[in-house]
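Here's the structure, in structure tokens; my notes come after.
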Amino acid sequence: MAEYACSCYHTPLRPLPPLPLTRLAGRDYAIKRADKAIDRTTPKTTKVLLQPAVFHSCPCLGSVLSANSFRVPTRLPPSAWACQPTLDGRYSPWAPHFPNRAPSHHAMADTRPASSAASSVTATEAGVDSESLRRKEMMLSNWELVTDPAGVNSLVLNHTYQGRGTEESPFIVDFLPDDPHNAKNYPRWKKWCFTMLQAFACLAVAFASSAYSGGVVDLIREFHVTPEVTILGISLFVVGFAVGPLLWAPLSEFYGRQILFFFTYFALTAFNCGAVAAPSMTGLIVLRFFAGVFGSSPLTNSGGVLADMFEADERGLATAIFAAAPFLGPSIGPIAGGFLAQAAGWRWVAGLMAAFTGILWIAVSLWVPETYAPVLLRKRADKLTKLTGNVYVSRMDSLQPKQTMMARFKVSLSRPWVLLFREPIVLLTTIYMAVVYGTMYMMFPAFPIVFQQGRGWSVGVGGLAFIGITVGMSFSVVYAIFDNRRYARLVKECDGDVPPEARLPPAIIGSALLPIGLFWFAWTNGPEVHFIVPIIGSGVFAAGLVLVFLSLLNYLIDSYVVFAASVLAANSVLRSLFGAAFPLFTSQMYKSLGIHWASSVPAFLALACLPFPFLFWKYGASIRTKCKYAAEAAEVLRRMRASNEIVNEDEAVEEADELERRWTLERRQTRRQSEARRNSHATEGSHAQMQVMELDEKGKMVKEQS
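Just so you know, UniProt numbering puts 514 at position 514 of the sequence shown, and the rest follows in order with no gaps.
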């Protein structure tokens, strides 16, 4: 029984019985290196040299090896053998030809069969069909995808990369065809499993934001605080939604979505667990704030997971389901929280939130691998560099200059505000969505006033009033699925060149439903009207809310393409601030104005915003050509479609600044030309006036002479 060890990895593989192998010649220094590796794990008497292990990704199989890398031996004593493992766990002679190998590292003339009959097996006889090997290399379990994001195997090592492997001309690493680590190559069933897990992760966070409202009465009684103070538990949780995206978006670019989810969702679960044992209202509010900050991570990055997996023309249904989760969560939360708080108290509500997020943390961490292509390729390039000694760089990193973490944070904290206040489309859509989002969170303190105080319902039954919102949102999701077919048909008819305004029809419908539903709820929520009537009104409002959100979010993404991350960050921050602020003044507003007029305030705001989708539909294209970032985004999209050119956000910003300078020069030139024309007209006019005056003088002189 002999122990086989890799001279490159210096690690043993496993004991195997002697096999008929091809004996290679080798140099003495190579044997010493192998002996050193074997000495650590096996008796010194064992002299077995395992040369490049394909299946174990031996660095000797790099496309081009550095000068100081391990070389193929040319002389070998009879006691040493060279072999390689195959995918079926057996060993075969190491004598194949590697076309990518530098000649100094392998030459077929260096291989000589041993004199014994037992060692006369040829490489062809012992080899495995290359296509079969390739398929097996490409078939990875989900656990391998999770635990080994770099995915370096023999195919990756032997692939021919662009470049020379030096600092000046590094090898450019990209995904291989049918690469199992490329999220777009996942099987369809796996994509949908990951989509549902990400949607549930977002739903759990949104659920935690509102389920807390079911225990408000218990909190007032236990901690002796006012209703406004207890509502801070909701508001500060939503403030966390505003803070978190500014942190997690740049971190995900450096570390990826998987590792970020693992730590942030663990922190969310930990803070929810801490809330169960909170000794004071202050402590509970602080814990809720940090839970919101860390819980915003999936709200920020889960959409990116979908973009990593689905092509643009196939992500419509997935996006609709995912986008509905942050809205369905708040509508379900008060129902479950109300009954649980009524039966067992507010601490059990906090425990339910901790259990919900904890289960999803375990499920997503163990099942969903890293999907962000720049991070996957960066890890692969780093591992290839470490194994071979050559320089490898991912394709994405080669296209943009290296950026420090602080520089990335500076950009992520400043650029969203630049886009928000410099782009009219971004500003108006964000204000509209912020008002709608704030109105949704205003419902959490408003419904207890209308249904529990006004109609005498219990806490648990009062939560059932949110069923109307849940049903309305569900109808909108179904409509969005059918509307996506309309959009897909347009994409096909226009050969992919569809204007962003094609996303707006659902928003036009939703913008009409919003004020209708809110006024309906406002003037039918008195105890003299059957309870189902205002609940139906709230459902109409919820249907309009989802239609407006889905439509306008897609409109922003299509309008700003390369700037979409910054635009969505600005949108998320402002709407979260509105969502945090609206509940704080709801109780006082209802006391001062009454349930009818207080409920009408957001209805009037929605009515004021109603023209926005119509304006974008008619004038959006014209507005975008006059805004530098929107115009640059359209130009980048045109280049991407024409030549598959990749432009990152920083490059696009520089081009947009250059575009603005060009526009400024053109405006100055136009202004100068118009001034010159005015001056020339004025000069011509003055000459004509002087001629008239001269003629008048001559006429006077003639008269005087006569």
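Each residue gets a CB set at the ideal place from its N, CA and C atoms; glycine is no exception.
What is the DSSP secondary structure of residue i, counted as helix, strand or coil?
i: S458; result: coil
i: F175; result: coil
i: E167; result: coil
i: G329; result: helix
i: V636; result: helix
i: N182; result: coil
i: C627; result: coil
i: P527; result: coil
i: E697; result: helix
i: D650; result: helix
i: V498; result: coil
i: L504; result: coil
i: A642; result: helix
i: A278; result: coil
i: E370; result: coil
If you follow the alpha helix (DSSP H) that residue i is in, where does it begin and where does it stop?
i: Y590; result: A564 to C609
i: D308; result: M281 to M309
i: Q198; result: R188 to A211
i: F549; result: I532 to Y560
i: I449; result: Taken as a continuous stretch (DSSP letters only), I449 belongs to no alpha helix (DSSP H), as it is neither H nor E.
i: D483; result: I467 to E493
i: W523; result: It is not in any alpha helix (DSSP H) - W523 carries neither H nor E in the DSSP assignment.
i: L352; result: W346 to W367
i: A381; result: A373 to T388
I need the straight-line Cα distance from residue i to residue j, nearest angstrom please.
i: P170; j: V391; result: 5 Å
i: R672; j: T664; result: 12 Å
i: T226; j: S587; result: 11 Å
i: M139; j: A631; result: 44 Å
i: P506; j: V229; result: 38 Å
i: V393; j: V418; result: 32 Å
i: V305; j: A320; result: 14 Å
i: R288; j: G295; result: 10 Å
i: A373; j: N484; result: 26 Å
i: K698; j: Q691; result: 10 Å
i: A407; j: K618; result: 39 Å
i: A633; j: S559; result: 7 Å
i: Q689; j: R415; result: 57 Å
i: M442; j: I231; result: 10 Å
i: L61; j: E167; result: Only weak support exists for where L61 lies, its pLDDT of 36 falling under 50; the value from the coordinates is given anyway. Approximately 20 Å between the Cα atoms of the pair.
i: V477; j: I220; result: 37 Å
i: G537; j: F475; result: 14 Å
i: F482; j: P180; result: 32 Å
i: A242; j: R503; result: 26 Å
i: P448; j: Y590; result: 11 Å
i: S511; j: W143; result: 45 Å
i: D178; j: S141; result: 15 Å
Check this for me: beta carbons of residue i and residue j, under 8 Å apart or not?
i: A267; j: A208; result: no
i: Q258; j: V368; result: yes
i: I467; j: I516; result: no
i: F444; j: P611; result: no
i: E660; j: K626; result: no
i: A606; j: V436; result: yes
i: L340; j: L352; result: yes
i: L260; j: S297; result: yes
i: R380; j: A206; result: no
i: G472; j: G539; result: yes
i: G240; j: Y212; result: no
i: S302; j: F223; result: no
i: T470; j: S331; result: yes
i: A598; j: S235; result: no
i: F614; j: G438; result: no
i: V293; j: G244; result: yes
i: L366; j: V146; result: yes
i: V286; j: S576; result: no
i: F322; j: T195; result: yes
i: A199; j: V364; result: no
i: A652; j: F549; result: no
What residue does the beta strand (DSSP E) around residue i start on, and which one ends it?
i: S394; result: Y392 to S394
Output the residue ranges of the beta strand (DSSP E) runs that lie fully inside the region 136-162 and measure 3 residues or longer, sorted by chain position. none
Length-filtered (3 minimum) beta strand (DSSP E) runs lying within the region 390-442: 392-394
Ordered list of alpha helix (DSSP H) runs contained in the region 211-261, each at least 4 residues: 216-223 and 227-255
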